[in-house]
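Engineer: Our numbering puts the first residue of the sequence shown at -9, with every later residue one more than the last.
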Amino acid sequence: MKKLLLIIAASALALLSANAQQEPRYGVVEFSANYMREEPGFSKENGNQALMGTVVEILDNDGYWVKIKSPEPYTAWAVDMGVIPMTKEEIDAYIAAPKFIVTAEISHVFAQPYDTADRVCDLVMGDLVREFTAARKGEIRRRGFTRVLLPSGKDGWVPSKDIKGFAKWERELNPTAENVIKIAKLFVGVPYLWGGNTIKGTDCSGLTRCAFMMNGILLPRNTSQQIKIGDEVDFSGVKDGDFSNLQLGDLVLFGNPETKKVSHVSIYIGDGHIIHSSNVVRINSLRPSDPDYYTGGVPRMLAVRRVLGNVDNGKGIISIKKSPWYFPQK
């Protein structure tokens, strides 16, 4: 009988341990752009960048690397210093907490409210930082600077012009094609970076994702996913120079016409032109007669997908307001 009780107790303990291991673990990105590598190691391929303030699920650990799943969704390995672990309760409180979004292309957090003070860290467009509330007993604004909290709880000062209240920013969004293109054009001249999706460096699908994200629209991360979203647009007339079916803000995708494998994505900006990250973020024409013709263009066009008008309607595109990773959902 004693032996049987020991076996039952051991089995129960093992079951409890297994359940504990299955419970989701969460974290918040601490670096301005935390590189997400396909395997743990600095020499491994970079697949994505997770922005500061992004809530992630922690799936595994390996030394000082953590395997995380970000909202896109994208699963890869990041340096553990750049991910602040939190309990589910802490994550819920974090998501509900008032925040600022960085609207400047690049900014910094300073130890004191002046730009010659010691730097705490850098910031890039799209990063999120929490408000330093009055309950913490200290100045909140001074000399054109606003005091903020990093995910780790460190505080510092950011130029007020570089940030905007996250909830207010979301309410005032006007996600027109013109505004999407305006964000994309800020990246012109930025070098291509495989797995990049920030002003520090971006690949083609990172550029499209960031341009829409800064307009409150969340696209999936990779080109192979972006070719499946929104509505399909007939582009058969493009080979004859007819762009009438294309609308500003459409995704124009390229690849191998024989295998139908997609390899590149761009944003249509009108008059037969696209903006894309190819070696560098640049604007090119889809007309072979133009001097700025994209040589990997029309013969390799695979699809045109319409994003605008298809947000939150079950076609693979959601608004940031409807994402539980960014705002509490009722």
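Note that the Cβ used here is the ideal one computed from N, Cα and C, for glycine as well.
Once the 5 residues before and after VAL110 are set aside, which same chain residues still bring their CB inside 7 Å of it?
Structural biologist: Looking up residue 110 in the sequence shown gives position 120. Excluding residues within five positions, the ones whose Cβ falls inside 7 Å are VAL99, PHE100, ALA101, LYS144, GLY146.
Engineer: Quick one: grab the DSSP three-state call for PRO30.
Structural biologist: Indexing the sequence shown from 1 puts residue 30 at position 40. Coil.
Engineer: So, under 8 Å CB-CB, ASP52 and THR93 are touching, yes? Tell me the CB distance rounded to an integer number of Å.
Structural biologist: As a working note, residue 52 is residue 62 in the sequence shown. As a working note, residue 93 is residue 103 in the sequence shown. About 36 Å; that fails the 8 Å criterion.
Engineer: Quick one: complete beta strand (DSSP E) runs, 3+ long, within the region 74 to 120?
Structural biologist: Within the region 74 to 120, the complete beta strand (DSSP E) runs of at least 3 residues are 89 to 92, 96 to 100, 109 to 114.
Engineer: Cα-Cα, which of GLY116, SER142, VAL270, VAL271 is closest to PRO75?
Structural biologist: For the purposes of this step, residue 75 is taken as residue 85 along the sequence shown, with counting starting at 1. Among GLY116, SER142, VAL270, VAL271, the Cα nearest to that of PRO75 belongs to SER142.
Engineer: Can you give the beta carbon distance from GLY220 to ASN300, rounded, assuming they're within the 8 Å contact cut?
Structural biologist: Numbered from its first residue, the sequence shown carries residue 220 at position 230. Numbered from its first residue, the sequence shown carries residue 300 at position 310. GLY220 to ASN300, Cβ: 4 Å. Contact.
Engineer: My output table needs one value for GLU20: the three-state DSSP class, helix, strand or coil.
Structural biologist: Taking the first residue of the sequence shown as 1, we reach residue 20 at position 30. If DSSP states are grouped into helix, strand and coil, GLU20 belongs with coil.
Engineer: Of the residues GLY72, LYS78, ILE85, which one's Cα is nearest the Cα of TRP315?
Structural biologist: In the sequence shown, the residue the question calls residue 315 occupies position 325. It is ILE85 whose Cα lies nearest to the Cα of TRP315.
Engineer: Under DSSP, the alpha helix (DSSP H) around LEU197 begins and ends at which residues?
Structural biologist: Indexing the sequence shown from 1 puts residue 197 at position 207. That run of the alpha helix (DSSP H) goes 194 to 203.
Engineer: How should TRP55 be labelled, buried or exposed, when 16 other C-beta atoms within 10 angstroms of its C-beta is the threshold for buried?
Structural biologist: To locate residue 55, count along the sequence shown from 1; it is residue 65. Looking at its Cβ environment, which holds 16 or more other Cβ atoms inside 10 Å, TRP55 is buried.
Engineer: Between PHE244 and HIS254, what straight-line distance do the alpha-carbon atoms span, to the nearest angstrom?
Structural biologist: Working through the sequence shown from its first residue, we reach residue 244 at position 254. Working through the sequence shown from its first residue, we reach residue 254 at position 264. Rounded to whole angstroms, PHE244 to HIS254 spans 5 Å at the Cα level.
Engineer: Comparing alpha-carbon positions, which option in ASP282, GLU35, ARG161 lies nearest MET204?
Structural biologist: As a position in the sequence shown, residue 204 is number 214, starting the count at 1. With distances taken between Cα atoms, MET204 lies closest to ARG161.
Engineer: Are the region 285 to 296 and the region 220 to 234 touching by the rule of at least three beta carbon pairs closer than 8 Å?
Structural biologist: Yes, they touch.
Engineer: Just how far apart, CA to CA, sit ALA167 and PHE32?
Structural biologist: Within the sequence shown, residue 167 is the residue found at index 177, counting from 1. Within the sequence shown, residue 32 is the residue found at index 42, counting from 1. If you take the alpha carbons of ALA167 and PHE32, they lie about 37 Å apart.
Engineer: Short of 6 Å in beta carbon distance, which residues of its chain neighbour ILE259, apart from the five on each side in sequence? Order them along the chain.
Structural biologist: Start at 1 with the first residue of the sequence shown, and residue 259 comes out as number 269. ILE171, ILE265.
Engineer: Hey, could you find the ends of the beta strand (DSSP E) LYS158 is sitting in?
Structural biologist: In the sequence shown, counting from the first residue as 1, residue 158 sits at position 168. No beta strand (DSSP E) holds LYS158; the alpha helix (DSSP H) holding it covers 156 to 161.
Engineer: Return the bridge partner residues of THR65 from the DSSP annotation.
Structural biologist: Start at 1 with the first residue of the sequence shown, and residue 65 comes out as number 75. DSSP, once it has assigned bridges, lists LYS59 as partnering THR65.
Engineer: Determine whether the beta carbon atoms of PHE135 and VAL148 lie at a separation below 8 Å.
Structural biologist: Along the sequence shown, one-based indexing puts residue 135 at 145. Along the sequence shown, one-based indexing puts residue 148 at 158. Contact flag set, yes.
Engineer: Taking the straight line between their C-alpha atoms, what separation do you get for GLY304 and VAL297?
Structural biologist: Position 314 of the sequence shown, counted from the start, is the residue given in the question as residue 304. Position 307 of the sequence shown, counted from the start, is the residue given in the question as residue 297. Distance between the alpha carbons of GLY304 and VAL297 is about 12 Å.
Engineer: Using beta-carbon positions only, say whether ILE307 and ILE207 come within less than 8 Å of one another.
Structural biologist: Indexing the sequence shown from 1 puts residue 307 at position 317. Indexing the sequence shown from 1 puts residue 207 at position 217. Going by C-beta atoms, ILE307 is nearer than 8 Å to ILE207.
Engineer: Let me know if ALA83 comes out buried or exposed under the rule of 16 or more other beta-carbons within 10 Å of its beta-carbon.
Structural biologist: Locating residue 83 in the sequence shown gives position 93, where the first residue counts as 1. ALA83 is exposed by the Cβ-count criterion.
Engineer: Ignore the nearest five residues each way along the sequence and tell me which others in ALA201's own chain have a CB closer than 6 Å to its CB.
Structural biologist: Sequence index remark: in the sequence shown, residue 201 carries index 211 (1-based). Excluding sequence neighbours, ALA201 sits near VAL170, ILE173, ALA174.
Engineer: Output needed for ASP280: all residues of its chain with C-beta closer than 8 Å, excluding positions within five of it in sequence on either side, in chain order.
Structural biologist: Numbered from its first residue, the sequence shown carries residue 280 at position 290. Excluding residues within five positions, the ones whose Cβ falls inside 8 Å are GLY262.
Engineer: I'd like to know whether the C-beta atoms of LYS89 and PHE156 end up nearer to each other than 8 Å.
Structural biologist: Along the sequence shown, read from residue 1 onward, the residue named residue 89 stands at position 99. Along the sequence shown, read from residue 1 onward, the residue named residue 156 stands at position 166. In contact: LYS89 and PHE156 (Cβ atoms closer than 8 Å).
Engineer: At the level of alpha carbons, what is the spacing between MET115 and SER22?
Structural biologist: Position 125 of the sequence shown, counted from the first residue, corresponds to residue 115. Position 32 of the sequence shown, counted from the first residue, corresponds to residue 22. MET115 and SER22: Cα-Cα distance of roughly 9 Å.
Engineer: Kindly indicate which three-state DSSP category VAL252 falls into: helix, strand or coil?
Structural biologist: The sequence position of residue 252 within the sequence shown is 262, counting from 1. Correct three-state label for VAL252: strand.
Engineer: Would you tell me roughly how many angstroms separate the C-alpha atoms of TYR64 and GLU28, rounded to the nearest one?
Structural biologist: For the purposes of this step, residue 64 is taken as residue 74 along the sequence shown, with counting starting at 1. For the purposes of this step, residue 28 is taken as residue 38 along the sequence shown, with counting starting at 1. Looking at the two C-alpha atoms, the distance is approximately 10 Å.
Engineer: Who are the Cβ neighbours of ARG277 in its own chain at under 8 Å, not counting the five residues just before and after it?
Structural biologist: For this step, residue 277 is matched to residue 287 along the sequence shown. GLY231, GLY262, TYR283, listed in sequence order.
Engineer: Which residue comes first and which comes last in the beta strand (DSSP E) that contains ILE219?
Structural biologist: As a position in the sequence shown, residue 219 is number 229, starting the count at 1. Run containing ILE219: none; DSSP gives neither H nor E here.
Engineer: In three-state terms, what does DSSP make of ARG211?
Structural biologist: Here residue 211 refers to the residue found at position 221 of the sequence shown. Three-state result, ARG211: coil.
Engineer: Helix, strand or coil: which one does DSSP assign to ASN51?
Structural biologist: The residue given as residue 51 occupies position 61 in the sequence shown. ASN51 falls in the strand class under three-state DSSP.
Engineer: Ignore the nearest five residues each way along the sequence and tell me which others in ARG199's own chain have a CB closer than 7 Å to its CB.
Structural biologist: What you label residue 199 is simply residue 209 of the sequence shown in a count that begins at 1. Closer than 7 Å at Cβ, skipping near neighbours: ASN187, LEU209, ARG211.
Engineer: If we ignore side chains and look at the alpha-carbon of each, how far apart do PRO247 and VAL138 end up?
Structural biologist: Position 257 of the sequence shown holds residue 247. Position 148 of the sequence shown holds residue 138. Answer to the nearest angstrom: the Cα atoms are 50 Å apart.
Engineer: Between the C-alpha atoms of ASN38 and ALA87, what's the straight-line distance to the nearest angstrom?
Structural biologist: Position 48 of the sequence shown, counted from the first residue, corresponds to residue 38. Position 97 of the sequence shown, counted from the first residue, corresponds to residue 87. Those two C-alpha atoms are separated by around 26 Å.
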